[in-house]
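Asks:
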Amino acid sequence: MRTPRWRELVETVTLPAAAAELAVRLLRPRPPAPKAAPADLHAHFSSQEIERGARFARPQLGLAAGAGIVQLAVLAVATRRPPRALRRWRSRPLLGSATAAASLVVATRVCSLPISAVARKRALAAGLATQSWRGWAADVVKGTAIEVTFAGAGGLVVTAAARRYPRGWWLLAAGGSVAFGALLALLSPIALDPIFNKFEPLPEADTRSDVLELAAAAGIAVGEVFAVDASRRTSAANAYVTGLGPTKRVVLFDTLLDRYGRDEIRVVVAHELAHVRHRDVQRGIAYAAIVAGPTALATYRLSGLLSEESGTPAALPALGLAAALASAPVALVGGRLSRAIERRADFYSLQLTRAPDAFISFDRRIALQNLADLAPPRWLQVLLGSHPSTLERIGAAEAFAASSAPAPAG
């Protein structure tokens, strides 16, 4: 007896979710960071500050969700009724698939663009966005062009694999996606990021000296440290680690360097050095490698349920929709791993700097500067949070201050 279609759909989507759960269990930091103390939100933020953050952040999240739904709807409509132009490419399936994939990227971006514009208008009104509309439009064009290039190449390769290996192309897709992700992690800092921003090596000054001192204390080779001109687009502050091997680097927003004190910047740098020490970029690639096979298999099965035209340009909308549905549980479950990694980096920063007061001061100031939701609903944090909440991070610093945690081994 044939399995009901809905049951087959549920079982298929369960595959990547189960793989993601396994990956989280295998890759989560051990030992975990100590538990945060129960911090009092109103001891650190006024009612007006709490309300302001929620009033900005939650509608922005709703708009982002709306844009995602619109993009899924575009793929669903194209899957249900593939445009006639896609069928005209049957005689040239590879070129047709590249064109179809690129066109789908453009269609989804154009249809969701009004929602993105509303979100940007709100960010401008709140003082978080600083870029002109012309500059924003240029970024949209550049970003879409990059996505079109990657999507076109991906559509061509997947169709070629599906035609050569109708039942096993998903294995090639899984391996290729991991290899491409690793290559992107290696090359993005030098090939893609400079398209959007200007990166300058951190000049010889207190901050650079602090970076080298903290790196020496941590016993790691930090690579290069760059300042990025983030202020051309936003007033928000941030820092991040990117790259692999020869392209590994720590990047600090100029808004961070300009507006925060030396002790606060040291806390941020130490947090980023924790990601370097614990090889968290590589950990992310390992996560992708574990989930790639089940996600590709789920995409293969779902696309087969949605379309009977595998190996042709007309199958591309179904393939895109299937990939989005199969990837969703991977992203949701992966948030747990991300939060655990960030908790460990926070704890390492506290150990390295021994500055819980500066840590709390920074978390408070950056939350206000970035208009963060200071009291997100628990379900929202569990589902979508990539970092611990502001209150949890403050609680972690308060717990550290009350303890006698030793400095990390160099």
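In this note's numbering, the protein residues as written are -7 to 402. Cβ atoms here follow ideal geometry from the backbone N, Cα and C, with glycine treated the same way.
1. Would THR382 and LEU360 qualify as a contact pair, given that the criterion is a beta-carbon distance under 7 Å?
2. Let's see if you can read the secondary structure: which residues bound the beta strand (DSSP E) around ARG241?
3. Locate the alpha helix (DSSP H) running through THR291, then write down its first and last residues.
4. Quick check on the DSSP output: the alpha helix (DSSP H) that includes PHE142 runs from which residue to which?
5. Tell me whether LEU148 is buried or exposed, calling it buried when 16 or more other Cβ atoms sit within 10 Å of its Cβ.
6. Helix or strand or just coil, what does DSSP make of ALA262?
7. Can you find at least 3 beta carbon pairs, one from the stretch 313 to 331 and one from the stretch 222 to 231, that sit closer than 8 Å?
8. Please give me, in chain order, every unbroken run of the alpha helix (DSSP H) with length at least 4 that falls completely inside the stretch 167 to 224.
9. Is ALA25 closer than 7 Å to ARG335 when the C-beta atoms are compared?
10. Tell me whether TYR252 sits in a helix, a strand or coil according to DSSP, three-state version.
11. Note down the Cα distance separating PRO21 from LYS27, rounded to an integer number of angstroms.
12. ALA111 lies in the alpha helix (DSSP H); which residues open and close that run?
13. Does the stretch 305 to 312 come close enough to the stretch 73 to 85 to have 3 or more Cβ pairs within less than 8 Å?
14. Alpha carbon to alpha carbon, how far is VAL5 from ALA310?
15. Between SER295 and the rest of its own chain, which residues show a CB-CB distance below 6 Å, the 5 nearest in sequence each way excluded?
16. Between VAL421 and LEU342, what straight-line distance do the alpha-carbon atoms span, to the nearest angstrom?
17. Looking at SER104 and GLN63, is the spacing between their C-beta atoms short of 7 Å?
18. Apart from the five residues just before and just after ALA278, which ones in its own chain have a Cβ nearer than 7 Å to its Cβ?
19. Candidates LEU53, GLY60, ALA92 and ALA49: which alpha carbon is nearest ALA420's?
20. Tell me the DSSP secondary structure of ALA57 in three-state form.
21. If you draw a straight line from the alpha carbon of ARG82 to that of GLU301, how long is it in whole angstroms?
22. List the whole-angstrom C-beta distance separating PRO85 from ARG155, where the pair is believed to meet the contact cut-off of C-beta under 8 Å.
23. Taking just the CA atoms, how far does LEU376 sit from SER39?
24. Between MET(-7) and the rest of its own chain, which residues show a CB-CB distance below 8 Å, the 5 nearest in sequence each way excluded?
25. Give me the Cα-Cα distance between LEU14 and ALA262, rounded to the nearest whole angstrom.
26. Cα-Cα, which of ARG241, LYS113, TYR157 and LYS134 is closest to PRO181?
27. Can you have a look at HIS34 and say buried or exposed, based on whether 16 or more other CB atoms are within 10 angstroms of its CB?
28. Report yes if the CB atom of ARG128 is closer than 7 Å to the CB atom of ALA288, and no otherwise.
29. For THR345 and LEU297, what's the separation of their Cα atoms in angstroms?
30. Between ILE257, GLU216 and VAL2, which lies nearest to ASP202 when the distance is taken from Cα to Cα?
31. Hey, is the stretch 116 to 124 in contact with the stretch 133 to 145, meaning 3+ C-beta pairs nearer than 8 Å?
32. Return helix, strand or coil for MET(-7), following the three-state DSSP convention.
Replies: Well, looking at it:
1. On the sequence shown, residue 382 is found 390 positions in, with the first residue counted as 1. On the sequence shown, residue 360 is found 368 positions in, with the first residue counted as 1. No, Cβ-Cβ distance for THR382 and LEU360 is not below 7 Å.
2. Indexing the sequence shown from 1 puts residue 241 at position 249. 241 to 245 is the extent of the beta strand (DSSP E) around ARG241.
3. As a position in the sequence shown, residue 291 is number 299, starting the count at 1. Counting along the chain, the alpha helix (DSSP H) containing THR291 begins and ends at 272 to 298.
4. As a first step, residue 142 is located in the sequence shown; it is residue number 150 there, counting from the start. Run containing PHE142: 125 to 156, per the alpha helix (DSSP H) assignment.
5. Your numbering for residue 148 matches position 156 in the sequence shown. The residue in question, LEU148, is buried, as its Cβ has 16 or more Cβ neighbours within 10 Å.
6. Residue 262 sits at position 270 when you count from the first residue of the sequence shown. In the structure shown, ALA262 sits in a helix (DSSP, three-state: H, G or I).
7. no
8. 185 to 188 and 198 to 210
9. Along the sequence shown, one-based indexing puts residue 335 at 343. Along the sequence shown, one-based indexing puts residue 25 at 33. Yes, they are a contact pair.
10. Here residue 252 refers to the residue found at position 260 when the sequence shown is read from its first residue. Reduced to three states, the DSSP call for TYR252 is coil.
11. One-based indexing of the sequence shown puts residue 21 at position 29. One-based indexing of the sequence shown puts residue 27 at position 35. Taking the straight line from one Cα to the other gives about 13 Å.
12. In the sequence shown, the residue the question calls residue 111 occupies position 119. Note, ALA111: alpha helix (DSSP H), 85 to 118.
13. yes
14. Working through the sequence shown from its first residue, we reach residue 5 at position 13. Working through the sequence shown from its first residue, we reach residue 310 at position 318. Spanning the two alpha carbons is a distance of roughly 15 Å.
15. One-based indexing of the sequence shown puts residue 295 at position 303. Cβ neighbours of SER295 beyond the five flanking positions: ALA310, LEU311 and ALA314.
16. What is shown of the chain runs -7 to 402, which leaves residue 421 out entirely.
17. In the sequence shown, residue 63 corresponds to position 71, counting from 1. In the sequence shown, residue 104 corresponds to position 112, counting from 1. Contact flag set, yes.
18. Your numbering for residue 278 matches position 286 in the sequence shown. LEU19.
19. Here the chain covers residues -7 to 402 and nothing more, so residue 420 does not appear.
20. Start at 1 with the first residue of the sequence shown, and residue 57 comes out as number 65. Residue state, collapsed to three classes: helix.
21. Start at 1 with the first residue of the sequence shown, and residue 82 comes out as number 90. Start at 1 with the first residue of the sequence shown, and residue 301 comes out as number 309. Going by the C-alpha atoms only, they are around 10 Å apart.
22. What you label residue 85 is simply residue 93 of the sequence shown in a count that begins at 1. What you label residue 155 is simply residue 163 of the sequence shown in a count that begins at 1. Going by Cβ atoms, the distance from PRO85 to ARG155 rounds to 7 Å, so yes, they are a contact pair.
23. Translated into positions along the sequence shown, residue 39 becomes position 47. Translated into positions along the sequence shown, residue 376 becomes position 384. C-alpha separation (whole angstroms): 24 Å.
24. For the purposes of this step, residue -7 is taken as residue 1 along the sequence shown, with counting starting at 1. Its pLDDT being 40, under 50, MET(-7) is placed unreliably by the model, and the measurement read from it follows with that caveat. Contacts found: none.
25. In the sequence shown, the residue the question calls residue 14 occupies position 22. In the sequence shown, the residue the question calls residue 262 occupies position 270. When rounded, the distance between both Cα atoms is 29 Å.
26. To locate residue 181, count along the sequence shown from 1; it is residue 189. Among ARG241, LYS113, TYR157 and LYS134, the Cα nearest to that of PRO181 belongs to ARG241.
27. As a position in the sequence shown, residue 34 is number 42, starting the count at 1. Burial call: exposed.
28. Sequence index remark: in the sequence shown, residue 128 carries index 136 (1-based). Sequence index remark: in the sequence shown, residue 288 carries index 296 (1-based). The amino acid occupying residue 128 in the given sequence is Trp; Arg does not appear at that position. Cβ distance not < 7 Å, so TRP128 and ALA288 don't count as in contact.
29. Here residue 345 is taken as the residue at index 353 of the sequence shown, counted from 1. Here residue 297 is taken as the residue at index 305 of the sequence shown, counted from 1. Approximately 54 Å between the Cα atoms of the pair.
30. In the sequence shown, counting from the first residue as 1, residue 202 sits at position 210. Cα-wise, what sits closest to ASP202 is ILE257.
31. no
32. On the sequence shown, residue -7 is found 1 positions in, with the first residue counted as 1. Residue placement at MET(-7) is poorly supported in this model, since its pLDDT is 40, which falls under 50; the coordinates are not used for a value here.
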